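Colleague: Attaching a single structure in structure tokens format; questions to follow.
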Amino acid sequence: MQTQQQIINYLVITLCMTCKLTEGQCRNPNAALRGFFHPDNQIYEENASVNYKCDPGLKTLTGGWWSTFTCREREWSHTPQCIDKTDCITPEVLHAQIKPRYVKTSYKNGDTVHFDCDKGYEPNAGNSATCLNGDWTPLPICEPGDKNACPAPPKKHNAVVLGQDYQPSFDEGTVLEYKCRESHEMNGATQSTCEKGGWTETGSCELKADRPAPTKRPSATGDFGYSDRGTGTTNPGSRGVGGQNCPDPPLITNGDVISQLNKAATYQCANFYKLVGSKTITCSRVGEWQTPPTCEANFCKVMGKVSYLMELNTAKYINEGASEYFQCDGRWYRYSAIGTCNNGNIHFRGCGQYDWDIPSVQ
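Numbered per mature numbering (1 follows the signal peptide of the UniProt record, and there is no 0), the sequence shown spans residues -24 to -1, 1 to 338.
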């Protein structure tokens, strides 16, 4: 039975449906909530957060007895909803999708959903999960079809992987070669091999002495010779790449020259950075290089304590557009959340939370 206050709120909200919104504002969602909002306004300013609490015996789509939604550019971050405590929210499985016929906002106690693993992945133990008293039975895990395949190679400070674009997995036997930045040199093995699901160890890139030793430079014929590292200006009488009076190609931050032949130099960025501009530049007849490309950050960084997650003692890096698992804490400790890097923010789903975002650690 509705209380007098609820009836008054309903009448006020109905009358205000014709109110004109200013830029960014949101109207009261007026949802059939089976609970209440706080604050219960008719108009909310942009970026305003609203708490909502469910009636006894119910829970929010985040799994708790209360939750929050936010006004963003005249749209709410999600529609507030209360479900029975024995119901379940939408499950998330990395590298898998719920089969279309089973996709819903929430699931009743006893409902079963089936998953399809992404291409190249196979279910570890079954492909379904059942909602039992508000929790999902152990969710399936989608693993690479090749059990000996390796994930993306680990990030190595001050180094790039030569001739290889980012990919989430590599076949067993794949050999990758690391190259240190010009100011560093490799101490140890330069190659890493995918063996039984893991990468063999490589050396580390250590800072060179103040004046580096001569470095190999390709000549116009493709043969390798030696020349001292330039300072960015042409030395009288010296002849650079391709017989031109050119200095060494300019250095770039978080990247390096990976090939240098005739009048051209080609650049590559370090892992977790993207190349902006032309990857190959040329030297003019008067000994000037074209403007080199830049390497911009193309990753998100997560570290420390994040809401709903176990604390991370070491930083975890995620490539732009890629996803990683994160262990939940509290009552959801048996589950994982999926974090996806998107334009410098990490979007999480799971741990009883419908979804939430945090900025990347700087």
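Heads up, the beta-carbon is just placed ideally off N, CA and C, and yes, glycines get one too. All values derive from a computational prediction rather than experimental measurement.
#1: Using 8 Å as the threshold, is the C-beta distance between W175 and P129 below it?
#2: Going by beta-carbon coordinates alone, are L237 and C245 separated by less than 8 Å?
#3: Can a CB atom of chain B be found closer than 8 Å to the CB of V282?
#4: Helix, strand or coil for Y78, going by three-state DSSP, please let me know.
#5: Which residues share a DSSP beta bridge with I314?
#6: Enumerate, from N- to C-terminal direction, the unbroken beta strand (DSSP E) stretches of 3 or more residues contained entirely within the segment 117 to 161.
#7: Please report the distance separating the alpha-carbon of K84 from that of T242.
#8: What residues in its chain sit with their C-beta under 7 Å from that of N17, if we drop five residues either side in the sequence?
#9: Counting Cβ pairs, one atom from each stretch, are 3 or more of them under 8 Å apart for the segment 176 to 185 and the segment 155 to 166?
#10: Tell me whether L37 is buried or exposed, calling it buried when 16 or more other Cβ atoms sit within 10 Å of its Cβ.
#11: What's the C-alpha gap between N318 and N221?
#12: Which first and last residues belong to the beta strand (DSSP E) in which residue 339 is found?
#13: Cα separation between residue 339 and Y28?
#14: Identify every run of the beta strand (DSSP E) within the segment 236 to 308, keeping only runs that are complete inside it and at least 3 residues long; order them along the chain.
#15: At the level of alpha carbons, what is the spacing between G173 and G149?
#16: Using alpha carbons as the reference points, say which of W308, E158, N124 and K132 lies closest to F146.
#17: For the beta strand (DSSP E) containing L183, name the first residue and the last one.
#18: What number of angstroms, rounded off, separates the C-alpha of T256 from the C-alpha of A240?
#19: Leaving out the 5 sequence neighbours to the left and right, which residues in its chain are closer than 7 Å to Y78 when beta-carbon positions are compared?
#20: Using the C-alpha atoms, what's the distance from D87 back to C47?
Modeller: From the atom records:
#1: Result yes, Cβ atoms of W175 and P129 sit closer than 8 Å.
#2: Against a cut-off of 8 Å, the Cβ pair of C245 and L237 comes out as no contact.
#3: No chain B appears in this structure, which consists of one protein chain only.
#4: Helix.
#5: Beta-bridge pairing links I314 to Y301 and R325.
#6: Scanning the segment 117 to 161 for uninterrupted beta strand (DSSP E) segments of 3 residues or longer gives 118 to 120, 135 to 137 and 151 to 156, listed from N- to C-terminal end.
#7: So the alpha carbons of these two residues sit roughly 57 Å apart.
#8: Cβ contact annotation for N17 (same chain, cutoff 7 Å, sequence separation greater than five): N4, in chain order.
#9: Yes, they touch.
#10: With 16 or more other CB atoms across the displayed protein chains lying within 10 angstroms of its CB, L37 is buried.
#11: One C-alpha to the other measures close to 44 Å.
#12: Past the boundaries of the shown model lies residue 339; the chain is included only from -24 to 338, so the question cannot be answered.
#13: Because the chain here runs from -24 to 338, residue 339 falls outside it and cannot be looked at.
#14: Runs of the beta strand (DSSP E) inside the segment 236 to 308: 240 to 245, 249 to 252, 256 to 258, 270 to 273, 275 to 280, 288 to 295 and 299 to 303.
#15: Whole-angstrom Cα-Cα distance: 10 Å.
#16: The candidate whose alpha carbon is nearest that of F146 is N124.
#17: Counted as a single uninterrupted DSSP element, the beta strand (DSSP E) harbouring L183 occupies residues S180 to L183.
#18: Roughly 7 Å separates the two Cα atoms.
#19: Excluding sequence neighbours, Y78 sits near V89 and H90.
#20: So the alpha carbons of these two residues sit roughly 32 Å apart.
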